[in-house]
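Number of protein chains: 2
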Amino acid sequence: MLDDALIRKLGSIVGRENALTDDRTRAACSSDATRWRSDPDIVLRPRNTDEVAGVLKVAHENGIPVTPRGAGTGLCGGAVPVGGGISLSTERLNAAPALHKEDLYVEVAPGIINHDLQEIVESRGLFYPPDPSSWTRCTIGGNIAECAGGPRSLKYGTTRRYVLGLEIVTPEGEVLFTGARTVKSVAGYDVTRMMVGSEGTLCVITSAVLRLLPLPGARETVSAVFKDLRSAAAAATALAGGGLSPAALEVMDAVCSEAVSAYLGVGLDPGALLLAEFDGMPGQCAENADRAARLLEGEFGVAVRRAVEPGDADKVWRARRAVLPALAALRPSVLIGDVTVPGSKLSAMIEEIMRISSRHGVGAAVFGHAGSGNLHPALLIDDKDADEMARARAAMTELTQAGSSFDGEASAPRGIGLDRQPYFDMEIGQSGYEVMRSIKHYLDPGGIMNPGKMFYED
Amino acid sequence: MLDDALIRKLGSIVGRENALTDDRTRAACSSDATRWRSDPDIVLRPRNTDEVAGVLKVAHENGIPVTPRGAGTGLCGGAVPVGGGISLSTERLNAAPALHKEDLYVEVAPGIINHDLQEIVESRGLFYPPDPSSWTRCTIGGNIAECAGGPRSLKYGTTRRYVLGLEIVTPEGEVLFTGARTVKSVAGYDVTRMMVGSEGTLCVITSAVLRLLPLPGARETVSAVFKDLRSAAAAATALAGGGLSPAALEVMDAVCSEAVSAYLGVGLDPGALLLAEFDGMPGQCAENADRAARLLEGEFGVAVRRAVEPGDADKVWRARRAVLPALAALRPSVLIGDVTVPGSKLSAMIEEIMRISSRHGVGAAVFGHAGSGNLHPALLIDDKDADEMARARAAMTELTQAGSSFDGEASAPRGIGLDRQPYFDMEIGQSGYEVMRSIKHYLDPGGIMNPGKMFYED
């Protein structure tokens, strides 16, 4: 707990009305989209970089844990203040983006919502590709901290590729600018990209220079229903390797489709769903979508639907984005895994997921970015049922090991945080773990930045 | 100097015939493509990771400097063993690449030549984009250490984007694997990409997992001659922002064109040259090249040449790749700068280069990756003439400052090494410099890895 003198000191930096210790505000900042929960001692809402630096200096001098918080939509517990202390909200770090249209970059504050940024840049004919499922609510600061992806990361890469430069505040309260405003600049160690995905454990991000692309002139969505997920995944692998440059290639199994139908009140055809998005110059986009449709009809014998109008495509993609809340509505809790395997191992991995979850008697659904081999096995459980929780945890550990045995990786663009901490060293190996922990200890010797995340406690 | 016992010990690890102390071998490993020169005490040619680890252990225990060396084509002095000690050649770390066609990656040893890898993967319908000018000689290990780019980095990014995983040997001789075999995997701090571009100052790279793309079905080169470099650069900026996704957009001024004509014995038309490469599906590639040609003819009033056959295109690109040796043939030495500015500042930067070099009475030529705002001012000098050298150095410092004042960056994909060390902290700022130096000291506490590079000596 913080004493009154410290609370007053912090309040004098951000203004008393932005230094909140009431139970309701603290509870609102105690969790994210996971089942983890821990109240902070205080919620601070700084308005600018200087205020963030001031807060960090006080935290540093007094050993107070600092957990940065965007919109709280994270899927790994990253914004959960397990050590108490300060929940540092970025909601007031929301200055309007400075768009440099000719030079294809934008300077943004961390508190801006992803989809708001998308609309601003698209209205000027530009394009910011990262599109996490929660894009209507999540913040750019959180996206950078967790290195968010999204369906379009298949063609366009994750957030890391778009972060050219960062203004950060170090755990000692020093303000640094790392990186550049130009695309090609590479000088020295890539500290900027090491901060991307560091999950609030190394610094607070107070501003970012993001690379933009010209907005593609056309987009088209191609979708088809398959008898099972393995067929849909095989089709996704075929499309991914066909030179058609799909922007996104997503799959969901029949459990997901049914859940989404019920959740959104729409009538999806029963079966596993494949969604592919193409974009580019109008003629080229249509040609690629044509080829994809012919491949799906010819080699996989499925009926293909095509959505060219933005409104029609939005409907299809809303279904994909609703998978997680739809699954969450089926059972009290969802334990989500995240396994990326080479395309050639997708089918075997899907079989493994089904085998492992059924052996442990846990209900499972699977969806994911199949074009890049990334699957989310979702275990549908009641987290109040200790026995079921134990079986689900055992199943998840086996799933993660199975992923590793397929030359795969246990994690992908939603972070380690609390949720995947037990699997982190398994994935990266003990020596890689030690290298990362060394970097953490070196850059944050006091251990105040988001303690308890990513690494085991000492 | 190393004593006989240490030389014998190192010889027992790599084999006596691969532990060379004769003057000729040491002289051959004393330099790279810069004017810097310093003999190592011994040249070691390990055959595998175990031998590299063995060498590093001995070096660590005895405080011997280790300077990794690929083909010695670097442009920043990175392979120059300024501290003496061991020149660690990767020439025998050349096991055949293991291509995983379906999963779009290849595992390579560091000693493989870039262009050899290109040919291997292209024969299987795959594509490894990074194409530094020295690609027929430079090694992949060197490319990774310096984060090499090349003309195609405009569309495809630099080496960093293609390195999925690395096997490295730490300065203590420990073997680590960092990263992944899948594209999307992101877990923990991005140590892999921090090693890319670390210029041999943190580790020795012994193996790499590189991401591949499907080989584009068609390529076409569009070129045109302009009255001056500013017009050519303005055309490049227009093409870059036109949504045509050029793979490469290069310019060279009239001095470069004339030098290349003489060097290769070809007759390039006098003036500044713009080269643009398009690739993709055949119809789409042709359409983009059509649009580019119409834009150049319509808005810039130049005559456009198009090369569709690989042989014809190769001729044009050979001219671009010959710029550096052609300039080097004009005067005893060339001092090359590297400035990246936003596209809107390209024209002003070109003017500045001309103004600064003429004020210092130094002959200059300019070429570069104009599509991404990256210019190489080349000062043509006699490095035996101390006065001219001093004027050239002063001009280069001013050029670098001018670049910074245009929101630009002083360096790009050819490394800091020795050559750009004086400008490094100017570019990244003192606090960024200290962060990087801290990382260096932490990961290489004995300071044995490529000492004297990147950072000032303490």
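Chains S and W, in that order, give the protein sequences. The first sequence begins at 564 in our numbering and counts up one residue at a time. The second sequence begins at 564 in our numbering and counts up one residue at a time. No residue lacks a Cβ here, since even glycine has one placed at the ideal position from N, Cα and C.
Counting along the chain, no beta strand (DSSP E) covers Y691/W, and no H or E run does either.
Judged by DSSP in its simplified three-state form, T630/S adopts strand. Inclusion of L739/W and V904/S in the CB contact set at 9 Å is not warranted, their separation being larger than that value.
G843/S places its beta carbon less than 9 Å from that of S808/W. Taking 9 Å as the CB threshold, T702/S stays off the interface with chain W. Excluding sequence positions up to five before and after S920/S, its CB lies within less than 6 Å of the CB of A927 and A958, all in the same chain and listed in chain order. Taking the CA atoms as reference points, D602/S sits about 11 Å from D585/S. Neighbourhood of Y725/W in chain S, by CB distance below 7 Å: empty, with the nearest CB roughly 12 Å away. Residue contact with chain W for E840/S: absent (no Cβ-Cβ distance below 9 Å to any residue of chain W).
Residue contact with chain S for V929/W: absent (no Cβ-Cβ distance below 9 Å to any residue of chain S). Setting aside the 5 residues that flank it on each side, S697/S is surrounded in the same chain by T636, each with a C-beta closer than 7 Å to its C-beta; the list follows chain order.
Rounded to whole angstroms, the gap between the alpha carbons of M758/S and T764/W is 20 Å. Bridge partners of M1012/S according to DSSP: V629/S. The bridge partners DSSP lists for I676/W are T702/W. DSSP, reduced to helix, strand and coil, places L792/W within a helical segment of the structure shown.
If you look at H1004/W, you'll find it in the alpha helix (DSSP H) that goes Q993 to L1006. Using a CB distance cut-off of 9 Å, I1002/W counts as an interface residue toward chain S. Taken through DSSP and simplified to helix, strand or coil, I899/S comes out as strand. The beta carbon of D753/S sits closer than 9 Å to some beta carbon of chain W. Proximity to Y752/S across T741/S, G760/S and S761/S peaks at T741/S, based on C-alpha coordinates.
Residue state for M758/S is assigned as helix, using DSSP reduced to three classes.
In the three-state reduction of the DSSP assignment, N657/S falls in the coil class, being assigned neither a helical nor a strand state. The beta-bridge partner set that DSSP reports for L739/W consists of I731/W. Taking a beta-carbon distance threshold of 9 Å, S770/W does not count as an interface residue toward chain S. CA-to-CA, the gap between R954/W and L890/W works out to about 19 Å. Between R774/S and R724/W, the CB-CB gap reaches or exceeds 9 Å.
DSSP lists V669/W and V726/W as the beta-bridge partner residues of L773/W. In the pairwise beta carbon analysis, the stretch 680-687 of chain S is classified as touching the stretch 650-664 of chain S: at least three pairs are separated by under 8 Å.
Annotation: E685/S has no Cβ neighbours in chain W at a cutoff of 9 Å; minimum Cβ distance is about 14 Å.
The beta-carbon distance between P693/S and S716/S, rounded to whole angstroms, is 7 Å. This is short enough to meet the 8 Å contact definition. Taking a Cβ-Cβ cut-off of 8 Å, the neighbours of Y1005/W in chain S comprise S1001, I1002 and Y1005, given in sequence order.
Against chain S, a Cβ distance below 7 Å from E862/W picks out nothing, because the smallest value is about 16 Å. About 4 Å separates the beta carbon of A787/W from that of V865/W, a gap short enough to meet the 8 Å contact definition. In the structure shown, F987/W adopts helical secondary structure according to DSSP, grouped into three states.
Taking a Cβ-Cβ cut-off of 7 Å, the neighbours of M757/W in chain S comprise Y752, D753 and M757, given in sequence order. Of all alpha-carbon atoms in A835/S, K718/S, G617/S and A822/S, the one lying nearest the alpha-carbon of I731/S is that of G617/S.
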